[in-house]
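Q: Dumping the structure here so I can ask a few things about it.
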């Protein structure tokens, strides 16, 4: 027992020292923007090592093939082939002749190459492939330098796997063998970086010397593991433990891993020998989401900001308050701010609504699965004490987002001013109350990797209890946003039939079919509100960029203006619908009106105003406290007693298993 504890303590100490070096490097900041991998001897096993094994099995003197390929200096067979002075057929013929002169036996070089390709050489070193994935996850570029042997018809003996690389340069095709500096200059040019912004991994000292003379940082690869540790110190982040859609923990967002590990050991009654590993999800969400590797388990930890994001309040508390009736959890105090844990659900996330990674015949089914899971969220049966008779959900939402817009306003957007006046005059007369996701869209769904099935739903920052039509409208915005709109690419003017994607009307019918209901008559109001809300978000993103504060993405002032005009288009449609539905008697009695008139240059102008006697609408309505906005009393947010801890069950709409929750 003592020896096991001592070994575990030593492992933790070594890991802690390595982590400290990485943190110090990250605090200083890394200027590197790209990492270049030599294919042979770095990404793939060194061919001469494989040749030695083959020679032993084939009774050929050790070193024959390497000597035949490399002897002769600048006139060696490998360099002559790299420069294009020999064809593939000529290279193999001369290699066989050189081997015969060295070993005085005939060497089946063709058999050796095929054996090489069919076995060891076609397998990338797993730790190098994982390192390339980790590097790209941090936003750096990767390149592959290849010296590939081709057949006479141009087919490659060893087609490289390029999925983890932004750029690939083949020296044979370029006619510039290493260590020709030109091959490195070409690679840097295609990467779009300067020499001092790049790192080269190579097993050849001669190649590394030529790259270093250009100003590139170099790492010699004799032992892959040792080389990657050196590379980690240069880059400042770990190159192990890659999980899709994650990156290393951002500076300033670290959490005390020792306290978390102690908590997990107590709760899960597990004592793994290795240290807890932590990565951060890279979805651009303000709420901190981490991937926790603990022993053989993968967990998701969601932690509140310090302080909570002002635009939406304490989102982790809100998420917990909605899921607590479904998932019993416990609340020990460990990390200072609220957080909870769930089981990690592996799958595929589609960031593009056009689903380019999905075969066209499956795309309609993916949209059907999305509509089905949204209907299931809206059909959750909560306890009567939880599902209070909220009412006024949209009114409060409009008030909140109007106040948020005024807080980030940088210039006058006429369409936003019209919407701020128009929305309060057209609130729905009745509203259904369900669980509302708040930001339901394709990029927040985890799909099964092989079939159109939703496994999990992400992005619950705005979750609350409210009108489900707001969720559906938010979900449908992509049908009306153009594909070239960088702030949020959509499907407007795309050939949906050719893409295999349903229209907005067909998608709404899918949802309504699952809900057993129809779209409300004032559907255009919900779309107007959805685009109004998006315009506020884009304006906030623009205002934060002007202030030099980090934002999930860039946004120009034109983005919010464009979306606000879209919102106003739907407001106009709703205004005409209301107007056409009025009888002459109702028209005279109505408290507000939307009229169309002839404007300049034969265009139409629209105005909405309150009729005499109608209640006045303040430009900036007052905002209710967050607890009232959520329809929850402050007492409903208080945690249960720690003794009430238990492991939860798997709910289909949360699509993940909560294994604990901590405040």
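Numbering (the UniProt record's numbering), first residue to last: 1 to 663. All residues carry an ideal CB built from backbone N, CA and C; glycine is no exception.
(1) Note down, in chain order, each residue of its chain lying with its Cβ closer than 8 Å to the Cβ of residue 490, except the 5 sequence neighbours on either side.
(2) Mind the definition here: the segment 440-455 touches the segment 554-574 only if three or more C-beta pairs lie below 8 Å; say whether that holds.
(3) Drop a sphere of 10 angstroms on the beta-carbon of residue 474, count the other beta-carbons inside from all chains shown, and report buried for 16 or more, exposed for fewer.
(4) If you draw a straight line from the C-alpha of residue 394 to the C-alpha of residue 453, how long is it?
(5) Going by other Cβ atoms of all chains shown within 10 Å of its Cβ, with 16 needed for buried, is residue 327 buried or exposed?
(6) Just to confirm before moving on: does the CB-CB distance between residue 220 and residue 228 stay below 7 Å?
(7) Below 8 Å on the Cβ atoms is my contact criterion, and I expect residue 528 with residue 571 to pass it. Report the Cβ-Cβ distance as a whole number of Å.
(8) Would you report the Cα separation of residue 104 and residue 98, rounded to the nearest angstrom?
(9) Beta-carbon within less than 7 Å of residue 416's beta-carbon, same chain only, minus the 5 sequence neighbours each way: which residues are those?
(10) In the structure shown, what three-state DSSP assignment does residue 386 receive?
(11) Kindly indicate which residue of 51, 349, 34 has the alpha-carbon position closest to the one of residue 217.
(12) Excluding sequence positions up to five away, which residues of its chain have a Cβ less than 6 Å from the Cβ of residue 487?
(13) Looking only at C-alpha atoms, which of 440, 471, 41 sits nearest to residue 224?
(14) Hey, is the segment 503-514 in contact with the segment 368-380, meaning 3+ C-beta pairs nearer than 8 Å?
(15) Does residue 206 come within less than 7 Å of chain B when only Cβ atoms are used?
(16) Could you check whether residue 181 and residue 210 sit closer than 7 Å to each other, using their CB atoms as the reference points?
(17) Based on DSSP bridge pairs, tell me the residues matched to residue 236.
(18) Closest to residue 239 by CA distance: which of 70, 58, 134 is it?
(19) Once DSSP output is grouped into helix, strand and coil, what is the label at residue 212?
(20) Could you spell out the range, first to last residue, of the beta strand (DSSP E) harbouring residue 38?
(21) By Cβ distance below 8 Å, which residues in the same chain neighbour residue 357 in space, the five residues on each side in sequence not counted?
(22) Can you confirm whether the segment 459-472 touches the segment 433-441 when touching is taken to mean that 3 or more C-beta pairs between the two stretches lie within less than 8 Å?
(23) From residue 175 to residue 168, what distance separates their C-alpha atoms?
(24) Give every residue of the same chain whose Cβ lies closer than 8 Å to the Cβ of residue 413, excluding the five residues on either side of it in the sequence, and list them in chain order.
(25) Label residue 128 either buried or exposed according to how many other C-beta atoms from any shown protein chain fall within 10 Å of its C-beta, with 16 as the threshold for buried.
(26) Looking at C-alpha atoms only, which residue of 101, 108, 102 is the closest neighbour of residue 92?
(27) Have a look at 259, 359, 267 and flag the residue whose alpha-carbon is nearest the alpha-carbon of residue 277.
(28) Given that a residue counts as buried once 16 or more other Cβ atoms are within 10 Å of its Cβ, and exposed if not, what is residue 266?
(29) Rounded to the nearest angstrom, how far is the Cβ of residue 237 from that of residue 142, given a contact under 8 Å?
(30) Please list, in chain order, all residues of the same chain as residue 577 whose beta carbon is under 8 Å from its beta carbon, the five residues on each side excluded.
(31) Taking only three categories from DSSP, how would you classify residue 348?
(32) Here's a check: name, in chain order, each residue in its chain whose Cβ is nearer than 8 Å to the Cβ of residue 546, leaving out the five neighbours to either side.
(33) Take the Cβ of residue 213 as the centre, count every other Cβ of all protein chains shown within 10 Å, and call the residue buried at 16 or more, exposed below.
(34) Here's a check: name, in chain order, each residue in its chain whose Cβ is nearer than 7 Å to the Cβ of residue 531, leaving out the five neighbours to either side.
(35) Distance, Cα to Cα, residue 248 vs residue 282?
(36) Excluding the 5 residues flanking residue 295 on each side, which residues of the same chain have their C-beta closer than 6 Å to its C-beta?
A: Well, looking at it:
(1) As a first step, residue 490 must be located in the chain shown, where it is residue number 490. So the list reads 353, 477, 478, 479, 480, 481, 482, 483, once near-sequence residues are dropped.
(2) In short, these stretches do not touch, since the Cβ pair count stays below three.
(3) Here the question's residue 474 lines up with position 474 in the chain shown. With 16 or more other Cβ atoms from the protein chains shown falling within 10 Å of its own Cβ, residue 474 counts as buried.
(4) What you label residue 394 is simply residue 394 of the chain shown in a count that begins at 1. What you label residue 453 is simply residue 453 of the chain shown in a count that begins at 1. Computed Cα separation, rounded: 31 Å.
(5) In the chain shown, residue 327 corresponds to position 327, counting from 1. For residue 327, the predicted structure reports a pLDDT of 42, less than 50, and the residue's modelled location is therefore unreliable. The matter cannot be settled from this model.
(6) Looking up residue 220 in the chain shown gives position 220. Looking up residue 228 in the chain shown gives position 228. Taking the C-beta atoms as reference points, residue 228 is found no nearer than 7 Å to residue 220.
(7) Translated into positions along the chain shown, residue 528 becomes position 528. Translated into positions along the chain shown, residue 571 becomes position 571. For a cut-off of 8 Å, the C-beta gap from residue 528 to residue 571 is around 4 Å, short enough to register as a contact.
(8) For the purposes of this step, residue 104 is taken as the residue at position 104 of the chain shown. For the purposes of this step, residue 98 is taken as the residue at position 98 of the chain shown. Here the alpha carbon of residue 104 sits roughly 10 Å from the alpha carbon of residue 98.
(9) Here residue 416 is taken as the residue at index 416 of the chain shown, counted from 1. These residues qualify, in order along the chain: 405, 535, 564.
(10) Position 386 of the chain shown, counted from the start, is the residue given in the question as residue 386. The pLDDT assigned to residue 386 is 48, lower than 50, so where the model puts this residue is not dependable; a value taken from the coordinates is nonetheless given after this. Of the three classes helix, strand and coil, the one that applies to residue 386 here is coil, per DSSP.
(11) Along the chain shown, one-based indexing puts residue 217 at 217. Among 51, 349, 34, the Cα nearest to that of residue 217 belongs to 34.
(12) Here residue 487 corresponds to residue number 487 of the chain shown, with the count starting at 1. Cβ neighbours of residue 487 within its own chain (closer than 6 Å, five residues either side excluded): 538, 555, 559.
(13) Sequence index remark: in the chain shown, residue 224 carries index 224 (1-based). Selected option, being the one with the closest Cα: 41.
(14) Counting C-beta pairs closer than 8 Å gives three or more between the segment 503-514 and the segment 368-380, which meets the contact rule.
(15) Here chain B cannot be found, since the structure has a single protein chain.
(16) What you label residue 210 is simply residue 210 of the chain shown in a count that begins at 1. What you label residue 181 is simply residue 181 of the chain shown in a count that begins at 1. By the CB criterion at 7 Å, residue 210 and residue 181 fall inside the cutoff.
(17) For this step, residue 236 is matched to residue 236 along the chain shown. Residue pairing by DSSP places residue 236 in no beta bridge whatsoever.
(18) In the chain shown, residue 239 corresponds to position 239, counting from 1. Per the Cα distances, 134.
(19) If you number the chain shown from 1, residue 212 lands on position 212. Note: residue 212 maps to helix in three-state DSSP.
(20) In the chain shown, residue 38 corresponds to position 38, counting from 1. Run containing residue 38: 34-38, per the beta strand (DSSP E) assignment.
(21) Translated into the one-based positions of the chain shown, residue 357 becomes position 357. Only residues of its own chain outside the window of five on either side were considered, and among them 348, 350 have a CB closer than 8 Å to the CB of residue 357, listed in chain order.
(22) The segment 433-441 makes contact with the segment 459-472; the number of CB pairs closer than 8 Å reaches 3 or more.
(23) Here residue 175 refers to the residue found at position 175 of the chain shown. Here residue 168 refers to the residue found at position 168 of the chain shown. CA-to-CA, the gap between residue 175 and residue 168 works out to about 14 Å.
(24) For the purposes of this step, residue 413 is identified with residue 413 of the chain shown, where counting begins at 1. Answer for residue 413: 535, 539, 560, 561, 564, listed in chain order.
(25) Start at 1 with the first residue of the chain shown, and residue 128 comes out as number 128. Burial of residue 128 is indicated by the presence of at least 16 other C-beta atoms within 10 angstroms of its C-beta.
(26) Counted from its first residue, the chain shown places residue 92 at position 92. Among 101, 108, 102, the Cα nearest to that of residue 92 is on 108.
(27) Locating residue 277 in the chain shown gives position 277, counting from the first residue. The option with the nearest alpha carbon to residue 277 is 259.
(28) Counting from 1 along the chain shown, the entry for residue 266 is found at position 266. Residue 266 is classed as exposed because its beta carbon has fewer than 16 other beta carbons within 10 Å across all chains shown.
(29) Sequence index remark: in the chain shown, residue 237 carries index 237 (1-based). Sequence index remark: in the chain shown, residue 142 carries index 142 (1-based). For a cut-off of 8 Å, the C-beta gap from residue 237 to residue 142 is around 14 Å, too long to register as a contact.
(30) By 1-based counting over the chain shown, the position of residue 577 is 577. 521, 522, 524.
(31) Counting from one through the chain shown, the residue named residue 348 turns up at place 348. Strand at residue 348.
(32) For this step, residue 546 is matched to residue 546 along the chain shown. Same-chain partners within the cutoff: 410.
(33) The count along the chain shown starts at 1 and reaches residue 213 at position 213. Exposed, since its Cβ has fewer than 16 Cβ neighbours within 10 Å.
(34) For the purposes of this step, residue 531 is identified with residue 531 of the chain shown, where counting begins at 1. Result list for residue 531: 477, 563, 566, 567, 570, in chain order.
(35) In the chain shown, the residue the question calls residue 248 occupies position 248. In the chain shown, the residue the question calls residue 282 occupies position 282. Rounded to the nearest angstrom, the two C-alpha atoms are 9 Å apart.
(36) Here residue 295 refers to the residue found at position 295 when the chain shown is read from its first residue. Closer than 6 Å at Cβ, skipping near neighbours: 270, 272.
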